[in-house]
Every structure is written in structure tokens, then in C-alpha cells.
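Visitor: Read top to bottom, the protein sequences are chains A and B. Here my numbering is used: the first residue of the first sequence is 1, the next is one more, and so on. Here my numbering is used: the first residue of the second sequence is 1001, the next is one more, and so on. We treat Cβ as the ideally placed atom computed from N, Cα and C, and that holds for glycine. If you're wondering where the values come from, they're calculated on a predicted model, not measured in any experiment.
Protein chains: 2
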Amino acid sequence: MQIPAAVEALSALAHPSRLGAFRMLIRAGEAGVPAGEIAREIGAVPSTLSTHLTILTHAGLIRSRREGRSIIYLADYDGMRDLLAFLMADCCAGRPEICAPLSDIAQAAACCAALETPCG
Amino acid sequence: MQIPAAVEALSALAHPSRLGAFRMLIRAGEAGVPAGEIAREIGAVPSTLSTHLTILTHAGLIRSRREGRSIIYLADYDGMRDLLAFLMADCCAGRPEICAPLSDIAQAAACCAALETPCG
DNA sequence: TCGATATTTCCACTATTATCGAATTATCGA
DNA sequence: TCGATAATTCGATAATAGTGGAAATATCGA
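Dropping the structure here:
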């Protein structure tokens, strides 16, 4: 991931409604959430929410599929992983000795338990 | 970290000059970088850069100390860790089965090698 | 086909953010 | 104390982003 793409992704998340929508979709998983339900939860009018969802989509953070009259949005985990990797790269690679605290994040998030090839 | 603080941090990073400055400071470590040198590297006039550094400071992502006539800026690793933890929390806690890819980030970033209490 | 539902696109308006020159503040060395 | 250097604050302007109503598009069930 390059700086422009990272800036686009960060900008997409840098809005209360969009961050809220994105977190909702992360939690929802593959099932996704229809646009209307997101709008209701977030408290946004349909047209505004649609704009927000477009921004998140262009940033590579969410995707969508049509299901009947609804359009189901889902988190794009690959896009999110790319962004996190980009943000973590300099911390860990550039200054390895300040990386330990970041590992705690992975632990706190129960990440290591899911590792196929455990650390070390 | 709450949504408003996360949005502030994300907004702070969602600008090419600010993201560039922040990454420079992450790499520079405790030594930090004087404002003027950041401006030169980023290619920004002093007043504009100063505005950017203020935004990053308010977001809790960098700090500064005066050294003679220079003001030395440094990354605030705690602030960055809080932001990353916030972004990762939903991915890992809410949907543990999609967390494995995120662990790869920690590995790719050589994080696990630095762990005092290795995963598992 | 028609009416209802779900969502997007378009458009105008408002609000926020970005930029940079000029003036100001702080520090240093002579 | 003075001139030079480093940086910030101020203020005006330019650029971008956010918002929501109205119209358009797509789908469904009758």
C-alpha cells in the first residue's frame, strides 16, 4: 500500500458515521448489512449514507452485493488488513525495539490464539 | 479509545503531508526531528507544517520538546498504539475467525520476535 | 403493468479544511 | 542589546467535504 491509498482509507474512516458503519460491518461479518439498516442504526438519511458507503467502497474497505431490493454491504477484510499493515510497518520494521507494545494489541485482540504458526 | 478520539486521530493521519511527517517521526524514534527538517523533507512552508504538527499533536499522535531555537517533534507511540488497538478490536474480538490474517501483520512486522511473553 | 420499497444519483447549499504570506515570539551568539 | 535563526500565530482566500431533498433506477409482489 502506498501513501495515497493509505490516505484515502484513513480519510474514509475519519468520519463518525463512516467509522460507525464500518465497525458495524466488521462485526456483521460475511452476512453483511443492508444499506437501509445501516442508515437506521447510524441515524443518517439514505442519500447521505449512500455517499458515505461509496467513499468506503472506493477506499477498498467495504464491498457490496445486491439481494433483491436491498444492497448488502460487507467489510473488506483484505483492505483493512492492508491499511493496518501499512500503519504498523514503520513502527515495527523501522524501530523494532518499540514494537513490543504493538504486539500486546494482537494479544489483547486474541489474535495470537488464532495463529496457525504461533509466534517464536 | 472512543469514536470521537479515533476520528480525530484518523483525520490527523488522513493527509499526505501529515502522514509523511508522522512516519518520519516514527522512524526517527526518541531522537525526534526538528520542525524545520520535517518541513524541508515534506516540502511544506513553515506555517503550513506548523498547522499540521498542531493537528497531529492534538490527536495525541506526536509530542514535542524545545531544544534551543528548534522544536523537536517525536512520535507518541502510546497514542498510535491506542489507535491501532481500537481499529483491531472489532476485527478480532467481534469476529475471532477473521482475525488470523491480522496476526500475519504482527508477524510480518517482526512484532512477535520482540514479545516478552510469546504468544500461546 | 402498477404501486410500494430500497437505494442511488444529482444538485445546490453549507461547513470545514488547507494554504501561505506577514507579523509575532523565543532563543542564540557576538 | 542587536541581528540572525527557528518556529508559531494570525488572517484572508481557495479548495474540499458533508448534507439532504428531489428525481431516477432497480426489484418485488399482486
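So what's R1069/B in DSSP terms, helix, strand or just coil?
Guide: In the second sequence, residue 1069/B corresponds to position 69, counting from 1. In this structure, R1069/B counts as coil in the three-state DSSP scheme.
Visitor: Got a sec: which bits of the region 1042 to 1065 of chain B sit with their beta carbon under 8 angstroms from any beta carbon on chain A, in order along the chain?
Guide: From the region 1042 to 1065 of chain B, no residue has a Cβ closer than 8 angstroms to chain A.
Visitor: Tell me whether L87/A sits in a helix, a strand or coil according to DSSP, three-state version.
Guide: Here residue 87/A refers to the residue found at position 87 when the first sequence is read from its first residue. Helix at L87/A.
Visitor: Since H1052/B and S1017/B are thought to touch, with beta carbons under 8 angstroms apart, how far apart are those beta carbons, to the nearest angstrom?
Guide: For the purposes of this step, residue 1052/B is taken as residue 52 along the second sequence, with counting starting at 1. For the purposes of this step, residue 1017/B is taken as residue 17 along the second sequence, with counting starting at 1. Confirmed, Cβ separation roughly 6 angstroms.
Visitor: Going along chain A, which residues have a C-beta under 8 angstroms from L1016/B?
Guide: As a position in the second sequence, residue 1016/B is number 16, starting the count at 1. First, the amino acid is wrong: residue 1016/B is Pro here, not Leu. By Cβ distance, chain A contributes I3, P4, V7.
Visitor: Do you know whose CA, among A9/A, E8/A, I38/A, G29/A, lies nearest G20/A's CA?
Guide: Locating residue 20/A in the first sequence gives position 20, counting from the first residue. Nearest option by C-alpha distance: I38/A.
Visitor: Could you tell me whether the Cβ of G32/A comes closer than 8 angstroms to any Cβ of chain B?
Guide: As a working note, residue 32/A is residue 32 in the first sequence. Answer no: the Cβ-Cβ gap between G32/A and chain B never drops below 8 angstroms.
Visitor: Does the beta carbon of G20/A come closer than 8 angstroms to any beta carbon on chain B?
Guide: Indexing the first sequence from 1 puts residue 20/A at position 20. Chain B contact via Cβ: present.
Visitor: Tell me the rounded alpha-carbon separation between A1113/B and V1045/B.
Guide: Translated into positions along the second sequence, residue 1113/B becomes position 113. Translated into positions along the second sequence, residue 1045/B becomes position 45. In this prediction, A1113/B has a pLDDT of 39, which is less than 50 and means its spatial position is unreliable; what the coordinates show is noted afterwards. Rounded to whole angstroms, A1113/B to V1045/B spans 40 angstroms at the Cα level.
Visitor: For A1033/B, which beta-bridge partners are listed by DSSP?
Guide: Reading the second sequence from its first residue, position 33 is the one you call residue 1033/B. At residue 1033/B the sequence reads Val, which differs from the Ala that was named. Partner(s): Y1073/B.
Visitor: Taking the alpha carbon of D1076/B as the reference point, which residue from E1067/B, S1070/B, F1086/B, L1056/B has its own alpha carbon closest?
Guide: As a first step, residue 1076/B must be located in the second sequence, where it is residue number 76. Residue L1056/B is the option with its Cα nearest to D1076/B.
Visitor: Pull up the distance between the alpha-carbon of A1012/B and that of D1082/B, whole angstroms please.
Guide: In the second sequence, counting from the first residue as 1, residue 1012/B sits at position 12. In the second sequence, counting from the first residue as 1, residue 1082/B sits at position 82. Using only the alpha carbons, I get a separation of about 14 angstroms.
Visitor: Determine the closest residue to R1069/B out of R1063/B, F1022/B, G1036/B, I1026/B, with distance taken between C-alpha atoms.
Guide: Counted from its first residue, the second sequence places residue 1069/B at position 69. When each option's Cα is compared against that of R1069/B, the closest is G1036/B.
Visitor: To the nearest whole angstrom, what separates the beta carbons of L1061/B and A1009/B, a pair I think is in contact under 8 angstroms?
Guide: On the second sequence, residue 1061/B is found 61 positions in, with the first residue counted as 1. On the second sequence, residue 1009/B is found 9 positions in, with the first residue counted as 1. Yes, L1061/B and A1009/B are in contact; Cβ-Cβ is about 6 angstroms, under 8 angstroms.
Visitor: I'd like to know whether the C-beta of L1074/B is nearer than 8 angstroms to at least one C-beta of chain A.
Guide: If you number the second sequence from 1, residue 1074/B lands on position 74. It does not: the Cβ of L1074/B has no partner Cβ on chain A nearer than 8 angstroms.
Visitor: Rounded to the nearest angstrom, what separates P1004/B and A1028/B at their Cα positions?
Guide: Your numbering for residue 1004/B matches position 4 in the second sequence. Your numbering for residue 1028/B matches position 28 in the second sequence. Each residue's alpha carbon lies about 28 angstroms from the other.
Visitor: Under the rule that 16 or more other beta-carbon atoms within 10 Å means buried, what is M1088/B, buried or exposed?
Guide: For the purposes of this step, residue 1088/B is identified with residue 88 of the second sequence, where counting begins at 1. Buried, by the Cβ-count rule.
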